[in-house]
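Worksheet: the structure to be examined is printed underneath.
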Amino acid sequence: MAPTITGIELTEFAYELEDVGTDDLGFNLVYEPGHTLETSQLAIRVHTDLDVTGEYVLATSTAPDQVRKYAKYLVGRDPFERERHWSEIKRALRKYDRMGIGPLDIALWDIAGKHYDAPIHELLGTYRTELPTYASTYHADDNGGLDSPEAFADFAEECLGMGYPGFKIHGWGGSDEARDIDREVETVTAVGERVGSEMDLMYDPACEYETFADALAVGRTCDEAGFFWYEDPYRDGGISQHSHGKLRELLDTPLLLTEHVRGLEPYTDFLANGATDFARADPEYDGGITGAMKRTRVAEGLGLDVEFHAPGPAQRHCIAATRNANYYELALVHPDCANTQPPVYEGEYSDQLDAISSNGTVPVPDGPGLGVEYDWEYIEANEVVSHGYGEV
54 MAPTITGIEL
64 TEFAYELEDV
74 GTDDLGFNLV
84 YEPGHTLETS
94 QLAIRVHTDL
104 DVTGEYVLAT
114 STAPDQVRKY
124 AKYLVGRDPF
134 ERERHWSEIK
144 RALRKYDRMG
154 IGPLDIALWD
164 IAGKHYDAPI
174 HELLGTYRTE
184 LPTYASTYHA
194 DDNGGLDSPE
204 AFADFAEECL
214 GMGYPGFKIH
224 GWGGSDEARD
234 IDREVETVTA
244 VGERVGSEMD
254 LMYDPACEYE
264 TFADALAVGR
274 TCDEAGFFWY
284 EDPYRDGGIS
294 QHSHGKLREL
304 LDTPLLLTEH
314 VRGLEPYTDF
324 LANGATDFAR
334 ADPEYDGGIT
344 GAMKRTRVAE
354 GLGLDVEFHA
364 PGPAQRHCIA
374 ATRNANYYEL
384 ALVHPDCANT
394 QPPVYEGEYS
404 DQLDAISSNG
414 TVPVPDGPGL
424 GVEYDWEYIE
434 ANEVVSHGYG
444 EV
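Quick note, the sequence shown lines up with residues 54 to 445 if you use our numbering.
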């Protein structure tokens, strides 16, 4: 007998990041020694009448108004009808970016795995259980951390020694003075010269560059250094098919786009029109595990690889069921401060810098559902506000 959703709890909780601040515009997270950044995240519990509870704690996206709308819709419904729920709420949120679909969809998959006593990757169809992993850095800073081309090269060398087969750079952001294209070019060159023959290297300006010329200059340096991919370079927000198609014509380094392209159909158009070489998927951003796997199959059908954004147990299960993916992104990492993930995992699960094995991989959880245990005492002790729907 299929369960019925009886209630949903949404709990926003606070936590602190030591030695972390923001750039001078207040947007990018950077190393800032002695500073404590206070932030918050959302934890979800979906209760059913069969005593199976779906759980998920977000790592990146929130869209709380959309999550609450979806929660109201789900109460009283069958959690196994994920495709129908995905379709209905996609239409209901058609005027918005629909990022609120993902977190609850992940919790529904957690229910399914627990009900059938199987990890989610088995329900999807397992391809592998060890995931090659790259180190994905914090944004560059001017505070004594990743503050120079040499500092990035030193950290890349440290990550290589830990077993990482890949290393991704997030450069400088903030004021016009901080966005020095010459410094970006020098960083590409320094890291390439230090470890380029031994690691796959990636560069992600996170849409900081103001002109096509800036994007082209850094991209051509990536060509010279043999980078594995070049990601979201300039100020279109990573959504222009025309401009990235043009950039592809002028560069040898493969482009990685679509992290910021919301919706399955615009994503499909982006790939079909040749505007990127690698695709992106994220179960939080892209409509949950249901939506992320749709993107994965679109890319597979077009002969392209899809690289999952950000770390987390949902990402691990998706990659485990995906042939056409190269890496797990362990982000954000830094030589002098911890990852930005909230400290909510009990047991051995970790997305900190030292989570990687000596062979350059992380494992996929093998317990039922997501296969992770959350520290609900910590979450509830740090509660900011909570919302309940149905019987909770």
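Ideal Cβ positions, reconstructed from N, Cα and C, are used throughout, including at glycine.
Out of the options, which has the shortest C-alpha to C-alpha gap to residue i?
i, options, result
"GLU352", "ILE159, ALA332, LEU310", "A small correction: the amino acid at residue 352 is Ala; Glu does not occupy that position in the sequence shown. Among ILE159, ALA332, LEU310, the Cα nearest to that of ALA352 belongs to ALA332."
"PRO132", "PHE208, ARG350, ASP158", "ASP158"
"VAL438", "PRO56, PHE80, GLY79, SER93", "SER93"
"ARG288", "GLU183, LEU63, ARG232", "ARG232"
"VAL417", "THR115, ILE222, ALA171", "ALA171"
"ILE450", "GLU141, GLY166, ASP163, ASP322", "Any property of residue 450 remains undetermined from this structure, which presents the chain solely from 54 to 445."
"GLY365", "GLY216, PRO336, LYS148", "PRO336"
"GLY400", "GLY424, ASP76, THR414", "GLY424"
"SER250", "PHE220, ASN326, GLU318, CYS260", "PHE220"
"LEU199", "CYS390, GLN394, GLY413, GLU436", "CYS390"
"ASN379", "GLY227, LEU357, TYR262, VAL386", "LEU357"
"THR186", "GLY74, LYS347, PHE361", "PHE361"
"PRO319", "GLU261, THR393, GLN294", "GLN294"
"ALA188", "GLY216, TYR169, ARG144", "GLY216"
"ARG130", "ALA112, ARG151, MET152, ILE164", "ILE164"
"THR113", "ALA160, LEU355, GLN394, ARG348", "GLN394"
"ALA55", "ARG144, MET252, GLU134, GLU430", "GLU134"
"GLU175", "LEU310, THR375, PHE208", "THR375"
"LEU385", "ALA278, HIS223, MET346, GLY341", "HIS223"
"ALA345", "GLN368, ASN326, ALA325", "GLN368"
"ALA373", "ASP419, GLU277, ALA116", "ASP419"
"GLU277", "ASP305, VAL73, ASP339", "ASP305"
"PRO307", "ALA325, GLY316, GLY341, GLY272", "GLY272"
"HIS387", "ARG315, ASP194, LEU317", "ASP194"
"VAL314", "GLY74, TYR431, MET152", "MET152"
I'd like to confirm the pairing. Which residues does DSSP put opposite residue i in its beta bridges?
i, result
"LEU184", "VAL415"
"TRP282", "MET255"
"LEU95", "GLU65"
"HIS100", "GLY60"
"HIS295", "DSSP lists no partner for HIS295."
"LEU308", "TYR283"
"VAL83", "GLY74"
"TYR427", "TYR398"
For residue i and residue j, which I take to be in contact (beta-carbon distance under 8 Å), what is that distance rounded to the nearest angstrom?
i, j, result
"VAL83", "TYR191", "6 Å"
"ASP322", "ARG301", "At roughly 16 Å, the Cβ-Cβ gap does not stay under 8 Å, so ASP322 and ARG301 are not in contact."
"LEU254", "THR414", "No, LEU254 and THR414 are not in contact; Cβ-Cβ is about 18 Å, not under 8 Å."
"PRO421", "GLY107", "Rounded, the Cβ-Cβ distance is 11 Å, inconsistent with contact."
"VAL244", "ALA270", "VAL244 to ALA270, Cβ: 16 Å. No contact."
"ASN81", "GLY227", "7 Å"
"GLU343", "TRP139", "Note on identity: in this sequence residue 343 is Thr, with Glu being the wrong assignment. Indeed, because the Cβ distance is near 5 Å, the residues count as touching under 8 Å."
"HIS370", "ILE173", "4 Å"
Have a look at residue i and residue j and give me their C-alpha separation to the nearest angstrom.
i, j, result
"TYR126", "LEU90", "35 Å"
"THR274", "VAL248", "15 Å"
"SER403", "LEU70", "16 Å"
"LEU383", "TYR427", "19 Å"
"THR57", "HIS100", "8 Å"
"GLU211", "ILE409", "13 Å"
"VAL110", "LEU95", "6 Å"
"ALA124", "THR242", "48 Å"
"GLY291", "LEU103", "44 Å"
"PHE265", "ASN392", "32 Å"
"TYR262", "VAL445", "47 Å"
"PRO44", "GLU284", "Here the chain comprises residues numbered 54 to 445, so residue 44 is not present and cannot be evaluated."
"HIS168", "ARG236", "53 Å"
"GLU286", "VAL105", "Note that residue 286 corresponds to Pro in the displayed sequence, not to Glu. When rounded, the distance between both Cα atoms is 44 Å."
"ASP267", "PRO202", "18 Å"
"HIS297", "ALA328", "5 Å"
"ALA116", "THR349", "23 Å"
"VAL128", "ASP150", "23 Å"
"GLU65", "GLU433", "9 Å"
"ILE234", "ASN196", "19 Å"
"TRP429", "PRO396", "11 Å"
"GLY60", "PRO86", "43 Å"
"ALA67", "LYS299", "43 Å"
"PRO448", "GLY443", "Only positions 54 to 445 of the chain appear in the structure, and residue 448 is not among them; the question remains open."
"GLU62", "ASP339", "22 Å"
"LYS347", "CYS260", "25 Å"
"PHE205", "LEU146", "41 Å"
"VAL359", "ALA334", "7 Å"
"THR179", "ASP229", "47 Å"
"ARG98", "ARG121", "12 Å"
"ASP72", "SER411", "27 Å"
Do we get a CB-CB distance below 7 Å when we pair residue i with the residues of chain E?
i, result
"GLU211", "In the structure shown, chain E cannot be found, because there is only a single protein chain."
Closer than 6 Å to a non-hydrogen atom of the ligand ADP - does that hold for the CB of residue i?
i, result
"ALA270", "The ligand ADP is not among the ligands present in this structure, which contains no ligands whatsoever."
Check: Quick one: complete beta strand (DSSP E) runs, 3+ long, within the region 178–230?
Finding: Along the length of the region 178–230, whole beta strand (DSSP E) runs at least 3 residues long occupy 183–192, 219–223, reported in chain order.
Notebook entry, point to check: What residue ranges within the region 318–374 form continuous alpha helix (DSSP H) runs of no fewer than 4 residues, ordered along the chain?
Noted result: Segments of the alpha helix (DSSP H) lying fully in the region 318–374: 341–354, 366–373.
Check: In the region 101–182, which residue ranges form an unbroken alpha helix (DSSP H) of at least 4 residues, counting only runs that do not cross its ends?
Finding: As for any alpha helix (DSSP H) of minimum length 4 sitting wholly inside the region 101–182, the runs are 117–127, 135–145, 154–169, 173–177, ordered along the chain.
Checklist line | Complete beta strand (DSSP E) runs within the region 376–417 (minimum length 3 residues, chain order) | finding: DSSP runs (the beta strand (DSSP E)) wholly in the region 376–417: 381–386, 414–416.
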